[in-house]
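Structure, as structure tokens:
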Amino acid sequence: MVVNMKLLEMNHIKKEFDGLSVLKDISFSVEEGEVVSIIGPSGSGKSTLLRCATLLEKMDGGELVYMSEKAAWEEDGKCIYASKADLKRIHSYFGLVFQNFNLFPHYSVMKNITDALIRIDKVPKKEAEERAVELLEQLGLADKRDAYPYQLSGGQKQRVSIARALAKQPKILFFDEPTSALDPELTVEVLKVIKDLAKKHMTMIIVTHEMQFAKEVSDRVIFMEEGIIKEQGTPQQLFETDNERVKEFIGHLTGGM
Amino acid sequence: MNITMMLLQLGEGMLISVEIFLLTLFISLPLGLLVAFGRMSKNPVLRWITKIYISIMRGTPLMLQLLVVYFAPYYVFHIQIGGGYRFLAVIIAFSINYAAYFAEIYRSGIESMSVGQYEAAKVLGYGKGQTFFYIIFPQVVKRVLPSITNEIITLVKDTSMAFAIAQAEMFTIAKQIAAAQTSIMPLMVAGVFYYIFNLLVATIMERIEKAYSYYR
Numbered sequence: 001m002v003v004n005m006k007l008l009e010m011n012h013i014k015k016e017f018d019g020l021s022v023l024k025d026i027s028f029s030v031e032e033g034e035v036v037s038i039i040g041p042s043g044s045g046k047s048t049l050l051r052c053a054t055l056l057e058k059m060d061g062g063e064l065v066y067m068s069e070k071a072a073w074e075e076d077g078k079c080i081y082a083s084k085a086d087l088k089r090i091h092s093y094f095g096l097v098f099q100n101f102n103l104f105p106h107y108s109v110m111k112n113i114t115d116a117l118i119r120i121d122k123v124p125k126k127e128a129e130e131r132a133v134e135l136l137e138q139l140g141l142a143d144k145r146d147a148y149p150y151q152l153s154g155g156q157k158q159r160v161s162i163a164r165a166l167a168k169q170p171k172i173l174f175f176d177e178p179t180s181a182l183d184p185e186l187t188v189e190v191l192k193v194i195k196d197l198a199k200k201h202m203t204m205i206i207v208t209h210e211m212q213f214a215k216e217v218s219d220r221v222i223f224m225e226e227g228i229i230k231e232q233g234t235p236q237q238l239f240e241t242d243n244e245r246v247k248e249f250i251g252h253l254t255g256g257m
Numbered sequence: 001m002n003i004t005m006m007l008l009q010l011g012e013g014m015l016i017s018v019e020i021f022l023l024t025l026f027i028s029l030p031l032g033l034l035v036a037f038g039r040m041s042k043n044p045v046l047r048w049i050t051k052i053y054i055s056i057m058r059g060t061p062l063m064l065q066l067l068v069v070y071f072a073p074y075y076v077f078h079i080q081i082g083g084g085y086r087f088l089a090v091i092i093a094f095s096i097n098y099a100a101y102f103a104e105i106y107r108s109g110i111e112s113m114s115v116g117q118y119e120a121a122k123v124l125g126y127g128k129g130q131t132f133f134y135i136i137f138p139q140v141v142k143r144v145l146p147s148i149t150n151e152i153i154t155l156v157k158d159t160s161m162a163f164a165i166a167q168a169e170m171f172t173i174a175k176q177i178a179a180a181q182t183s184i185m186p187l188m189v190a191g192v193f194y195y196i197f198n199l200l201v202a203t204i205m206e207r208i209e210k211a212y213s214y215y216r
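Residue numbers (our numbering), protein chains in the order written: chain A, 1 to 257; chain B, 1 to 216.
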């Protein structure tokens, strides 16, 4: 049996906010090409987990490993992070798409996508722009390269932010509720983009409230509540679980489907 | 004294006023940014020092600060000051005073930026300095421009306070000529000069604001 490479491992992750335990000993890993959706009620810790994985939040305990490189580990009950240089490299392994896009309003679409490539990763300008043009074409935004974010619809903004993340050619792409700020019509266009990425075997971890979408796109669904993973499995397993709580939650969001 | 003579003398004074204005801006705009950093620093000592500094600069009259800066070297440290120090004292006093105001303007602008901009930059690999100078600061400039314009227009008029230590800028000269000629005319002309100066400043600032209107 071929064992796929583990791109991300999170072991015994703990996180507290002002003494309130938000993540309680969470462990999971993601293999290359896998699409994992994380669902659960608000306050379940799913966004915090994503923020810990993307180094936006410091963990209080546990181990974070990207492609066998340790970003953080536990020593004497404390969480130790890798050196600046190591973390810089690890940062290049993943991309993150935010709920509110967080595009840079003073940069054109093109510059939003290429600036980090040119400035940080030292990709030659020409190559960076070629990469951007290709992505914009794929995402149906070819005519928007010179537009500014304020001129775009929410769905277009989110697609640009996906292009910006993809341009860095990450191994893993994280999505933090990518459609929560969009109306249903625009949601569809963004979800389509993510589905297309899944077909191309992009490794993705998606925090979402879109149950139908999670069911269609994911290889694995994780249900989180109160800072722990309550249940996980294939969409099939999760959507047909005997776990009353999971049933109730999924039922709520899909209107008793 | 004929009108031409008066205009010539006032014109010379005007040049000094412009010099005070430009030098003060040149020093206080960047200095204000440094003070803003101090004010937002994680270091409580630095934060308190800058807080007290800003509070004093904004809480006492600029004219008094001018006198203190000019006379302190002699009264406090018994250093003989030459005439050359007069102009320097004006620049120092104006710069540290305006830096305090600019610092608060910068701070309000920086604190109004959403956390998301910092986070997006971090995830893309920008370092702290890069995030500030390429992502945050350009947006802050756009946001604070109207407030900065206000301060700059006030500065044009405030340069006249240099008369308190007899710096021969336009207002001092206008007052002298007015007293010698027992005429209100020189003061009126000075007023027109200041007004035109500010009209120019306002036009330039409007241009700059327009240059930043390419995005929202």
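Even glycine gets a Cβ: it sits at the ideal position worked out from N, Cα and C.
Keep in mind it's a predicted model, so treat the numbers as computed, not measured.
Run through chain B and tell me which residues come within less than 8 Å of residue i, C-beta to C-beta.
i                 : result
Pro105 of chain A : Gln139, Tyr215 and Arg216
Lys168 of chain A : Leu124 and Gly125
Arg119 of chain A : Tyr126, Gln130 and Tyr134
Lys88 of chain A  : Gly125
Can you give me the start and stop residues for the alpha helix (DSSP H) that residue i sits inside?
i                 : result
Met57 of chain B  : Pro44 to Gly59
Met188 of chain B : Met185 to Ala211
Thr24 of chain B  : Ile3 to Arg39
Met63 of chain B  : Leu62 to Tyr75
Asp146 of chain A : Per DSSP, Asp146 of chain A belongs to no alpha helix (DSSP H) and is neither H nor E.
Tyr85 of chain B  : Tyr85 to Glu111
Ala72 of chain A  : Careful: Ala72 of chain A lies outside any alpha helix (DSSP H), inside the beta strand (DSSP E) at Glu69 to Glu75.
Leu250 of chain B : Lying outside 1 to 216, the shown extent of chain B, residue 250 of chain B is not represented and no answer is given.
Gly154 of chain A : Gly154 to Ala167
Ala142 of chain A : From DSSP, Ala142 of chain A is part of no alpha helix (DSSP H); its letter is neither H nor E.
According to DSSP, is residue i part of a helix, a strand, or is it coil?
i                 : result
Val221 of chain A : strand
Ala116 of chain A : helix
Arg245 of chain A : helix
Tyr93 of chain A  : coil
Val30 of chain A  : strand
Glu134 of chain A : helix
Gln99 of chain A  : coil
Thr172 of chain B : helix
Thr203 of chain A : strand
Lys111 of chain A : helix
Glu177 of chain A : coil
Met257 of chain A : Low confidence applies to Met257 of chain A: its pLDDT is 43, below 50, so where it sits in the model is not reliable enough to give any reading.
Glu129 of chain A : helix
Val22 of chain A  : strand
Tyr215 of chain B : coil
Lys58 of chain A  : coil
Glu63 of chain A  : strand
Lys265 of chain A : Since the first residue shown for chain A is 1 and the last is 257, residue 265 of chain A is missing from the structure and cannot be characterised.
Gln117 of chain B : helix
Looking only at its own chain, which residues have a Cβ that is under 6 Å from the Cβ of residue i, when we skip the five neighbours before and after it?
i                 : result
Ile228 of chain A : Lys24
Val76 of chain B  : none
Leu50 of chain A  : Phe174, Asp176 and Val207
Lys230 of chain A : Phe223
Lys144 of chain A : Val109
In chain order, what residues of the same chain lie with their CB nearer than 8 Å to the CB of residue i, ignoring the 5 residues before and after it?
i                 : result
Arg216 of chain B : none
Glu74 of chain A  : His12, Gly61, Gly62, Glu63 and Ile80
Ser213 of chain B : none
Asp158 of chain B : Leu62 and Phe94
Tell me which residue opens and which closes the beta strand (DSSP E) that residue i is part of.
i                 : result
Tyr81 of chain A  : Lys78 to Tyr81
Asn11 of chain A  : Lys6 to Phe17
Ser37 of chain A  : Val35 to Ile39
Lys230 of chain A : Ile228 to Gly233
By the criterion of Cβ-Cβ separation under 9 Å, what are the contact partners of residue i in chain A?
i                 : result
Gln119 of chain B : What sits at residue 119 of chain B in the sequence shown is Glu, not Gln. The answer, in chain order, is Arg51, Thr54, Leu56, Leu96, Phe98 and Asn102.
Might you give, ordered along the chain, the residues of its own chain that have their beta carbon closer than 7 Å to the beta carbon of residue i, omitting 5 neighbours on each side?
i                 : result
Glu226 of chain A : Ser44
Ala116 of chain A : Lys168
Ala147 of chain A : Ser108 and Val109
Phe239 of chain A : Lys215 and Ile250
Leu29 of chain B  : Phe102
Can you list the residues of chain A that residue i reaches, using a CB-CB cut of under 7 Å?
i                 : result
Gly109 of chain B : Per Cβ cutoff of 7 Å: no residues; Gly109 of chain B is ~13 Å from chain A at best.
Gly116 of chain B : Phe98, Asn100 and Asn102
Starting from the beta carbon of residue i, find every residue of chain B whose beta carbon is closer than 9 Å, and list them in chain order.
i                 : result
Tyr148 of chain A : Tyr214, Tyr215 and Arg216
Ser92 of chain A  : Gly125
So which residues of chain B does residue i contact, with C-beta pairs closer than 7 Å?
i                 : result
Ala116 of chain A : Leu124, Gly125 and Tyr126
Taking 7 Å as the cut-off, is the CB of residue i close to at least one heavy atom of the ligand COA?
i                : result
His78 of chain B : Ligands in the displayed structure: none, and consequently the ligand COA is not present.
Item to check | Where the segment 178-208 of chain A meets chain B: residues whose CB sits under 9 Å from a CB there | outcome: Going along the segment 178-208 of chain A in chain order, one finds no residue with a Cβ nearer than 9 Å to chain B.
Next on the checklist: Output needed in chain order: residues of the segment 41-60 of chain A with a Cβ under 7 Å from some Cβ in chain B.
Outcome noted: Result list: Thr54 and Leu56.
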